[in-house]
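See below for the structure under consideration.
Protein chains: 2
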Amino acid sequence: MSNYQNNKALAEMFKALSNPHRLVLFHRLMTCCAPGTKCNADVAIKFCVSELGEGLNIAASTLSHHLKALHQARLIHMERNGKNVECWVEPDVLKELSTFFNQS
Amino acid sequence: MSNYQNNKALAEMFKALSNPHRLVLFHRLMTCCAPGTKCNADVAIKFCVSELGEGLNIAASTLSHHLKALHQARLIHMERNGKNVECWVEPDVLKELSTFFNQS
DNA sequence: ACTACACTTCGAAACATGTCGAATTATCAA
DNA sequence: TTGATAATTCGACATGTTTCGAAGTGTAGT
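Protein chains in written order, with our numbering: chain A, 1 to 104; chain B, 1 to 104.
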């Protein structure tokens with residue numbers, strides 16, 4: 001985290017994860033593999049926006065706003081597929097964040 | 001991150017790290033060992049409040065406010081020692097955060 | 001007791017965030 | 001082309017954050 005840009009980018013990731021609703025959304029995308037197995041699949045499981053929001057009891061506009069925030073922080077990817085927009089997490093970002101807290 | 005309390009506590013940690021100034025402060029405390037060596041010392045290096053704020057160009061009251069936020073999020077420890085207040089990071093919290101992003 | 005130093009609390013100002021409903025855009029199917 | 005479904009943008013409001021200087025608290029030395 002030596003340079004300023006990196007610090008700013010990291011702070012923006014943490015800001016995106018600082019809201020309980022967004023943290024749930026990210027966690028749903030993050031735990032892409034079967035429980036107990038190591039996540040090393042090349043193809044991440046994708047969720048569409050409305051699927052992700054299930055059980056959260058927030059308006060669709062709020063959900064969209066939160067996912068945009070996660071996307072702008074470069075934590076998740078989003079891609080339109082027909083009527084839906086699919087969201088997923090690339091393993092790279094998990095590795096980056098994991099090693100940040102694990103560094104010497 | 002299955003239960004609600006854990007989610008809330010994690011979100012509060014990320015909120016504390018979401019401010020660039022606080023992230024710098026935390027990082028200074030976190031990188032307690034010599035560069036390139038694994039941090040496995042039992043005794044964390046401690047900094048007093050004013051030392052931590054060096055070069056950040058923020059008012060003492062702002063610095064105090066930020067450290068309080070890190071402390072309330074359970075990211076850092078604080079203890080008065082004479083005129084100074086010493087701050088440090090316990091390795092446990094780094095491990096917790098590292099494994100969160102590394103989980104299956 | 002007085003002073004100096006380190007830090008915290010308070011009050012205020014500017015700014016950012018979370019949330020909603022309504023309106024808008026995008027896509028597909030009939 | 002019309003309608004249905006999925007998602008986003010907009011405007012508004014309440015609430016929270018960042019920051020400062022001023023004032024207050026705690027500790028050590030004179």
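For glycine and all other residues, C-beta sits at the position ideal for the given N, C-alpha and C.
Predicted, not measured: the structure shown is a model, and the values here were computed from it.
*Could one say the Cβ of M78/B lies closer than 9 Å to chain A's Cβ atoms, at least one of them?*
Residue mapping note: residue 78/B aligns to position 78 of the second sequence, counting from 1. Judged by the 9 Å Cβ criterion, M78/B is not in contact with chain A.
*Keeping to the same chain, check which residues put their C-beta closer than 7 Å to that of S106/B; ignore five residues upstream and five downstream.*
The shown model of chain B, from 1 to 104, leaves out residue 106/B, and the question about it has no answer.
*My guess is that S108/B and S18/A are in contact by the Cβ rule of under 8 Å, so how many angstroms apart are they, rounded?*
The structure shown does not extend to residue 108/B, since chain B is modelled only from 1 to 104, so the question has no answer here.
_Run through the DSSP bridge pairs and tell me what V89/A is partnered with._
Sequence index remark: in the first sequence, residue 89/A carries index 89 (1-based). Note: V89/A sits in no beta bridge, so no partner.
*At least one CB of chain A closer than 9 Å to the CB of Q72/B: is that the case?*
Locating residue 72/B in the second sequence gives position 72, counting from the first residue. Output row for Q72/B: interface = no.
*asked:* 9 Å is my cut-off, CB to CB: does L63/A come that close to chain B?
replied: As a working note, residue 63/A is residue 63 in the first sequence. Cβ-Cβ to chain B under 9 Å: no for L63/A.
*What's the gap between the Cα of A34/A and the Cα of Q103/B?*
Your numbering for residue 34/A matches position 34 in the first sequence. Your numbering for residue 103/B matches position 103 in the second sequence. Confidence in A34/A is poor, its pLDDT being 41 and thus under 50, which makes the residue's placement too unreliable to answer from.
*Specify, as a first and last residue, the run of the alpha helix (DSSP H) that N7/A falls within.*
Along the first sequence, one-based indexing puts residue 7/A at 7. Residues Y4 to A16.
_Contacting positions in the stretch 1 to 18 of chain A - beta carbon closer than 7 Å to chain B_ = M1, N7, K8, L10, A11, F14, K15, L17 and S18
*asked:* Does E96/A come out as helix, strand or coil in the three-state DSSP assignment?
replied: On the first sequence, position 96 is the one that residue 96/A refers to. In this structure, E96/A counts as helix in the three-state DSSP scheme.
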